[in-house]
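Structure record follows, encoded as structure tokens.
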Amino acid sequence: MIKLKPALLQRGFVEEQTAPLQSASKNETAKKFRDWLQALSPRTLVVYSDGSRSTEGHAGYGYVVHRDGSTVLRDKGRLGPAEIFDAEAKGALEGLKAAVSLPETDRIFVCLDNLATATCLRGTPSDSSQEVFLEFQSLARKYGAVEVHWIPGHADIPGNEEADALAKAGASLPEPADNVPTLAHLRKIARQQPEEAFKAWWEASAPERYRDLRLKATTSCPKNPPWGFC
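Take a look at the structure:
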């Protein structure tokens, strides 16, 4: 499949309700969210999605769909070379796809604990995983009754904890065939490789008197340089 180059886009999908994603402390937001859940109609679906990255650097996603406090759908998956940000977006998209397939539904809330991803889902898509964001927004517009909410992670919200566990499990799955690296991952590699190469050169070439002082070389600007700028 041919991947198109990311484009510079205007703000896309805009919810009818444009309240700030985060307007209170983590604990206060979690409590309000749990109270809010109690008042939902049985015809309302809540999608919890999450992304994770294993110690080996594999990115996975997971989602659960709740109706009236119970799980009705759940799934997980793995991405190719990607970052947590990308996995969060993929989890939200797959969760929304699953939710819109269910009958007897009036409204869908997509809830995730990554503020940056939630912001891009609501408005201007990121250039990394741009196709995923655009597909989410297109599906949300087509369905009509979709809202994106930020929720705090690790705050005793069962659906979020379930999605987190699925995302971790998804990161351990086999790598997909269409393992094209995301832009966020490529940027990270572009930052890391020069630093690692310079570190290896320094360890091999540093004068002995510098090694005795255990001085560490860096390609970044020193903090508070004496000349006042960098």
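With UniProt numbering, letter number 66 in the sequence shown gets 66, and the count goes up by one each step, no holes.
We put the beta carbon where it would ideally sit given N, CA and C, even for glycine.
Subject >> I108 - partner residues in DSSP beta bridges >> reply: Under DSSP, the beta-bridge partners assigned to I108 are L45 and V146.
Subject >> Cutoff 8 angstroms; reference E94; Cβ partners in own chain excluding five residues on either side >> reply: Contacts found: S49, Y61, Y63, D75 and G77.
Subject >> Three-state class that DSSP yields for D178 in the structure shown >> reply: Of the three classes helix, strand and coil, the one that applies to D178 here is coil, per DSSP.
Subject >> Three-state class that DSSP yields for A190 in the structure shown >> reply: Under the three-state reduction of DSSP, A190 is assigned to helix.
Original post:
At what residues does the alpha helix (DSSP H) containing A98 begin and finish?
Top reply: Unbroken alpha helix (DSSP H) run through A98: I84 to V100.
Subject >> Inside the stretch 121 to 174 only - alpha helix (DSSP H) runs reaching at least 4 residues >> reply: Listed in chain order, the complete alpha helix (DSSP H) runs (minimum 4 residues) inside the stretch 121 to 174 are 130 to 143 and 158 to 170.
Subject >> Start-to-end residues for the beta strand (DSSP E) that takes in A59 >> reply: Here the beta strand (DSSP E) through A59 covers A59 to R67.
Original post:
Out of I157, H185 and R187, which has the shortest C-alpha to C-alpha gap to N27?
Top reply: The shortest Cα separation from N27 among I157, H185 and R187 belongs to I157.
**OP:** Compute the Euclidean distance between the alpha carbons of A59 and T182, then round it to the nearest angstrom.
**Re:** Their backbone Cα atoms lie some 11 angstroms apart in a straight line.
Subject >> Anticipated Cβ contact below 8 angstroms, K188 with V132, distance rounded >> reply: With a contact defined as Cβ atoms closer than 8 angstroms, K188 and V132 miss out at about 18 angstroms.
Original post:
Under the three-state reduction of DSSP, which class applies to S25: helix, strand or coil?
Top reply: Three-state DSSP puts S25 in coil, outside helix and strand.
Subject >> Straight-line gap, V148 to K168 (C-alpha atoms, nearest Å) >> reply: Cα to Cα, V148 sits roughly 22 angstroms from K168.
Original post:
Between the C-alpha atoms of H154 and A190, what's the straight-line distance to the nearest angstrom?
Top reply: Going by the C-alpha atoms only, they are around 32 angstroms apart.
Subject >> Anticipated Cβ contact below 8 angstroms, C111 with I151, distance rounded >> reply: For C111 against I151, the beta-carbon gap comes to about 5 angstroms, under 8 angstroms, which counts as contact.
Original post:
Does DSSP put S205 in a helix, a strand or coil?
Top reply: Helix.
**OP:** Mind reading off the beta-carbon distance from A99 to V65? Whole number of angstroms is fine, and I expect it under 8 angstroms.
**Re:** Contact holds; Cβ gap of about 5 angstroms.
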